[in-house]
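Visitor: One structure, pasted below without further comment.
Protein chains in written order, with this note's numbering: chain A, 51 to 469; chain B, 51 to 469.
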């Protein structure tokens, strides 16, 4: 299948014939395509995902569809997102080696990426719903977020390289537009594709009636669309992480864009907080312990992030920002500068965290943590805690005393009935 | 001269022969090129500027040089800046009609723009040094800054159009790099090309010893390089404005880039403040009155800016930011949102204002307001006031109560000996 061929979506039946000549695939699964077994496993909202199993091994074939899978062909979506995903994966692999699946092959015309099959990794969200722990998760995620944030910014990159990259990823319009609408806007008005659990109406009315809250949300949107600090994953929730009991990888960076350095870790923390709030519906035994573990992942992820960011600040600050010529070379400690950068970063992170907690309950694309709760009244009660805490985070994003304070707030809401 | 021809710089002697076939020029000056008179008048730091006078009229031919004219061919500078200047001029003309010279012709290969000859306009900085007033100046500048800020942002533009434009102007690397270095960095360490008036050493030592100040300056740089809120002029000082006694235009947008909405008006105010502080060296009679007039231009420019920005907010808010669906459509006044946007904008503006006041006395490319003062001790005394007020602005950028407070501060420093 050459790059010049017109796009055609793959199927379980056509895949072996169409991809048998791609040596990067044959190298990993075996040359005899007639022996390949193909399974379609895409459970996300956007793409086809195939596991190809052959005599030599397995590989993933991910192909973009020209529309939003979750909605259907009434919502077209450009195939070029595979191009941006490919470029994001190569940069993430360079900035945090081993953090993402290895890419074997990219075909732009077919909008497909052939990549490493991760086993026995499963989607982290499923593990969190099932009450499973992942050793080293916080260390992995804290490092990933800090390294990609720092190394993709002008704290590290040469200015010309970063501007060229901003120009490249500025071509990714429709995918970030999903975030701009579904995350930052739709939850706060009666948008067409919104849905919510029955019973949440009073909470929703409070959020939409809170003008100061909406102003802060839109300020976060303004920063999201115009603050090109670093290359983001752009969709770093627990469905974009695959883990075993001791190893994790980040997948699916097709929402990549340049944006605020605090965006990814803020969205990530929101997804752990939603896992936390949903737990009372998923288990009785071990509930408190498991909820504690989740909050521990949040505080540890954030402290690993800070430590790694400060380490990179001290050892890799080669960009034009906060140069040594203004600080160290004049005998001045640059820690106050790093503190200021981190203060802005966490302000952005906690605002995004609160917004993500809202959108997953109010807009399109809810998450399984809550959606899997069949008992509607319980779901509403748990989602209400999550929603009200989200509002608190948005309001206090600038003054919050770090992840420990965030987790203390979560414990408070966890024991509270806000409906 | 076709677009395909290799670049060659023009001279007074070669211009008629080389440009005689450009009908857009002949249309304005007359077809008989042998009758053209050519004068080279470039007094800026970067380019060749010719006035071509023919039987029918006059036109300006501006050609980029492949190096910084001020420094020489030891500092190469890409010719592509003419491309960006051309695209900036067309956007400024669309966003604030009549604010910039009309473009007659653009030749990318020759890096040249043929444009309207403005007469009897002169560079505003010369008028300010000469103590001349310009009627309507504040109205013109306030509107220009507000309209270009608002209409170039996602408050107004469609998201995809704005992203495409960000990508286009991200190609302008070396020119913004001058600003990144000369404006935001060099003043605060012993950079090679720095120079300063003898006697300022104690003030310079205070500025460079102020770590909190340098942190704020670099935070402003971080926003300058990564906050693509709107298309900036990028170099809006009184040397980039041409005026008669009642008409003004903005010229020379080759430093165009996407950046913070407060950047242009901040740099502009700095240049009026420097004009203000330098006045005691330029006149005795009428000094207080003329200084009052300059401060009046600052406060009026800022209040026209606010009024125009709020008017555009109310009437042209068609972008994805702060949509009516979240405010007006729910019966909520969006004024608090506009207030929040303006608060961030002025924070950026006053920080940039203070930084510009520093760089024009400490880095490369000083301005004539001070440079024309032959008496060194007086120049140092006036520049010291300007430098210390700049530091105040940088420190208090977030809390300043608007242009009136800034002008009150200027009056205070104007009567103070800080050396």
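Glycine is no exception: its CB is placed at the ideal position from the N, C-alpha and C atoms.
When you compare the stretch 131-138 of chain B with the stretch 306-318 of chain B, are there three or more beta-carbon pairs, one atom per stretch, that lie closer than 8 Å?
Guide: yes
Visitor: Can you tell me whether DSSP reads residue 225 of chain B as helix, strand or coil?
Guide: Looking up residue 225 of chain B in the second chain gives position 175. DSSP places residue 225 of chain B in helix when its eight states are reduced to three.
Visitor: Suppose the cutoff is 7 Å on Cβ atoms and the five residues either side in sequence are ignored; what does the same chain contact list for residue 431 of chain B look like?
Guide: Here residue 431 of chain B refers to the residue found at position 381 of the second chain. Cβ neighbours of residue 431 of chain B beyond the five flanking positions: 467 and 469.
Visitor: Report back the beta-carbon spacing between residue 269 of chain B and residue 390 of chain A to the nearest angstrom; my notes put them in contact at under 8 Å.
Guide: Against the second chain, residue 269 of chain B aligns to sequence position 219. Against the first chain, residue 390 of chain A aligns to sequence position 340. Sure, about 6 Å apart at Cβ, within 8 Å.
Visitor: Below 7 Å on C-beta distance, what does residue 261 of chain A contact in chain B?
Guide: What you label residue 261 of chain A is simply residue 211 of the first chain in a count that begins at 1. The contacting residues are 382 and 386.
Visitor: For residue 456 of chain A and residue 443 of chain A, what's the separation of their Cα atoms in angstroms?
Guide: Numbered from 1 along the first chain, position 406 holds the residue referred to as residue 456 of chain A. Numbered from 1 along the first chain, position 393 holds the residue referred to as residue 443 of chain A. The straight-line gap from Cα to Cα measures roughly 8 Å.
Visitor: Using a Cβ-Cβ distance cut-off of 8 Å, determine whether residue 210 of chain A contacts chain B.
Guide: Against the first chain, residue 210 of chain A aligns to sequence position 160. It does; some Cβ of chain B falls within 8 Å.
Visitor: From the beta carbon of residue 136 of chain B, is the nearest beta carbon of chain A less than 8 Å away?
Guide: Within the second chain, the letter at position 86 stands for residue 136 of chain B. Chain A, which has no Cβ nearer than 8 Å to the Cβ of residue 136 of chain B, makes this no.
Visitor: Using a 10 Å radius around the Cβ and a threshold of 16 neighbouring Cβ atoms, would you call residue 316 of chain A buried or exposed?
Guide: Counting from 1 along the first chain, the entry for residue 316 of chain A is found at position 266. It counts as buried.
Visitor: Where residue 97 of chain B and residue 228 of chain B are concerned, what is the direct C-alpha to C-alpha distance, given to the nearest angstrom?
Guide: On the second chain, residue 97 of chain B is found 47 positions in, with the first residue counted as 1. On the second chain, residue 228 of chain B is found 178 positions in, with the first residue counted as 1. Straight-line Cα distance between these residues: approximately 15 Å.
Visitor: Quick one: what's got a C-beta closer than 6 Å to residue 135 of chain A's C-beta in the same chain, skipping five residues either side?
Guide: On the first chain, position 85 is the one that residue 135 of chain A refers to. For residue 135 of chain A, the CB contacts under 6 Å within the same chain, skipping 5 residues up- and downstream, are 303 and 304 in chain order.
Visitor: Measuring only between beta-carbons, confirm whether residue 230 of chain B sits less than 8 Å from chain A.
Guide: Within the second chain, the letter at position 180 stands for residue 230 of chain B. Yes, residue 230 of chain B lies at the interface with chain A (some Cβ there is under 8 Å from its Cβ).
Visitor: May I have the straight-line CA-CA distance separating residue 107 of chain B from residue 164 of chain B, to the nearest angstrom?
Guide: Here residue 107 of chain B refers to the residue found at position 57 of the second chain. Here residue 164 of chain B refers to the residue found at position 114 of the second chain. Cα to Cα, residue 107 of chain B sits roughly 13 Å from residue 164 of chain B.
Visitor: So with CB distances below 9 Å, who are the chain A contacts of residue 373 of chain B?
Guide: Counting from one through the second chain, the residue named residue 373 of chain B turns up at place 323. The answer, in chain order, is 235, 239 and 268.
Visitor: Buried or exposed: which applies to residue 162 of chain B, given that a residue is buried once 16 or more other Cβ atoms fall within 10 Å of its Cβ?
Guide: The residue labelled residue 162 of chain B in the question sits at position 112 within the second chain. That one is buried.
Visitor: Enumerate, from N- to C-terminal direction, the unbroken alpha helix (DSSP H) stretches of 4 or more residues contained entirely within the stretch 65-139 of chain B.
Guide: Contiguous alpha helix (DSSP H) elements confined to the stretch 65-139 of chain B occur at 65-69 and 73-79, taking only those with 4 or more residues.
Visitor: For residue 165 of chain A, name the three-state secondary structure that DSSP assigns.
Guide: By one-based count along the first chain, residue 165 of chain A stands at place 115. Here DSSP, grouped into helix, strand and coil, assigns residue 165 of chain A to strand.
Visitor: If you measure from the beta carbon of residue 244 of chain A to each beta carbon in chain B, is any gap under 8 Å?
Guide: In the first chain, the residue the question calls residue 244 of chain A occupies position 194. Output row for residue 244 of chain A: interface = no.
Visitor: At a threshold of 7 Å, does residue 73 of chain A count as lining the ligand ATP (C-beta to nearest heavy atom)?
Guide: Among the components modelled here there is no ligand, and therefore nothing to report on the ligand ATP.
Visitor: Since residue 426 of chain B and residue 278 of chain B are thought to touch, with beta carbons under 8 Å apart, how far apart are those beta carbons, to the nearest angstrom?
Guide: On the second chain, position 376 is the one that residue 426 of chain B refers to. On the second chain, position 228 is the one that residue 278 of chain B refers to. Cβ atoms of residue 426 of chain B and residue 278 of chain B stay farther apart than 8 Å, at about 42 Å.
Visitor: Taking buried to mean at least 16 other C-beta atoms within 10 Å of its own C-beta, is residue 146 of chain B buried or exposed?
Guide: Residue mapping note: residue 146 of chain B aligns to position 96 of the second chain, counting from 1. Buried.
Visitor: Using a Cβ-Cβ cut-off of 8 Å, state whether residue 97 of chain A counts as contacting chain B.
Guide: The sequence position of residue 97 of chain A within the first chain is 47, counting from 1. Closer than 8 Å: no.
Visitor: Looking at residue 225 of chain A: is its Cβ nearer than 8 Å to the Cβ of residue 167 of chain A?
Guide: In the first chain, the residue the question calls residue 225 of chain A occupies position 175. In the first chain, the residue the question calls residue 167 of chain A occupies position 117. Not in contact: residue 225 of chain A and residue 167 of chain A (Cβ atoms no closer than 8 Å).
Visitor: By the 10 Å Cβ neighbour count, where 16 or more other Cβ atoms means buried, how is residue 461 of chain B classified, buried or exposed?
Guide: What you label residue 461 of chain B is simply residue 411 of the second chain in a count that begins at 1. Residue 461 of chain B is exposed by the Cβ-count criterion.
Visitor: By DSSP's criteria, residue 282 of chain A is part of a beta bridge. Which residues make up the other side?
Guide: As a position in the first chain, residue 282 of chain A is number 232, starting the count at 1. Looking at the DSSP assignment, residue 282 of chain A forms a beta bridge with A:307.
Visitor: Strictly below 7 Å CB to CB, what residues from chain B border residue 223 of chain A?
Guide: Start at 1 with the first residue of the first chain, and residue 223 of chain A comes out as number 173. Per Cβ cutoff of 7 Å: 209, 210 and 213.
Visitor: From this set, B:415, B:234, B:66 and B:385, which residue's C-alpha is nearest residue 86 of chain B's C-alpha?
Guide: The count along the second chain starts at 1 and reaches residue 86 of chain B at position 36. Checked all of B:415, B:234, B:66 and B:385; the closest Cα to residue 86 of chain B is B:66.
Visitor: Please classify residue 292 of chain A: does DSSP put it in a helix, a strand, or coil?
Guide: The residue you call residue 292 of chain A lines up with position 242 of the first chain. Look at residue 292 of chain A here: in three-state DSSP terms it is strand.
Visitor: Specify whether the stretch 255-273 of chain B and the stretch 376-389 of chain A touch according to this definition: at least 3 beta carbon pairs, one from each stretch, less than 8 Å apart.
Guide: yes
Visitor: I need the straight-line Cα distance from residue 176 of chain A to residue 289 of chain A, nearest angstrom please.
Guide: Numbered from its first residue, the first chain carries residue 176 of chain A at position 126. Numbered from its first residue, the first chain carries residue 289 of chain A at position 239. Taking the CA atoms as reference points, residue 176 of chain A sits about 8 Å from residue 289 of chain A.
Visitor: Residue 456 of chain A lies in the beta strand (DSSP E); which residues open and close that run?
Guide: Working through the first chain from its first residue, we reach residue 456 of chain A at position 406. From DSSP, residue 456 of chain A is part of no beta strand (DSSP E) but of the alpha helix (DSSP H) over 452-464.
Visitor: Measuring CB to CB, does residue 142 of chain B end up less than 8 Å from residue 150 of chain B?
Guide: The residue labelled residue 142 of chain B in the question sits at position 92 within the second chain. The residue labelled residue 150 of chain B in the question sits at position 100 within the second chain. Contact: yes.
Visitor: Output yes if chain A places a C-beta closer than 8 Å to the C-beta of residue 370 of chain B; else output no.
Guide: Walking along the second chain from the start, residue 370 of chain B turns up at place 320. Yes, its Cβ sits closer than 8 Å to a Cβ of chain A.
Visitor: Which of the three DSSP states, helix, strand or coil, is assigned to residue 150 of chain A?
Guide: Start at 1 with the first residue of the first chain, and residue 150 of chain A comes out as number 100. Coil.
Visitor: Note the first and the last residue of the continuous beta strand (DSSP E) segment covering residue 299 of chain A.
Guide: Counting from 1 along the first chain, the entry for residue 299 of chain A is found at position 249. Counting along the chain, the beta strand (DSSP E) containing residue 299 of chain A begins and ends at 298-300.
Visitor: Suppose contacts are defined by Cβ-Cβ distances below 8 Å. Is residue 148 of chain A in contact with residue 355 of chain A by that definition?
Guide: Counting from 1 along the first chain, the entry for residue 148 of chain A is found at position 98. Counting from 1 along the first chain, the entry for residue 355 of chain A is found at position 305. Result no, Cβ atoms of residue 148 of chain A and residue 355 of chain A do not sit closer than 8 Å.
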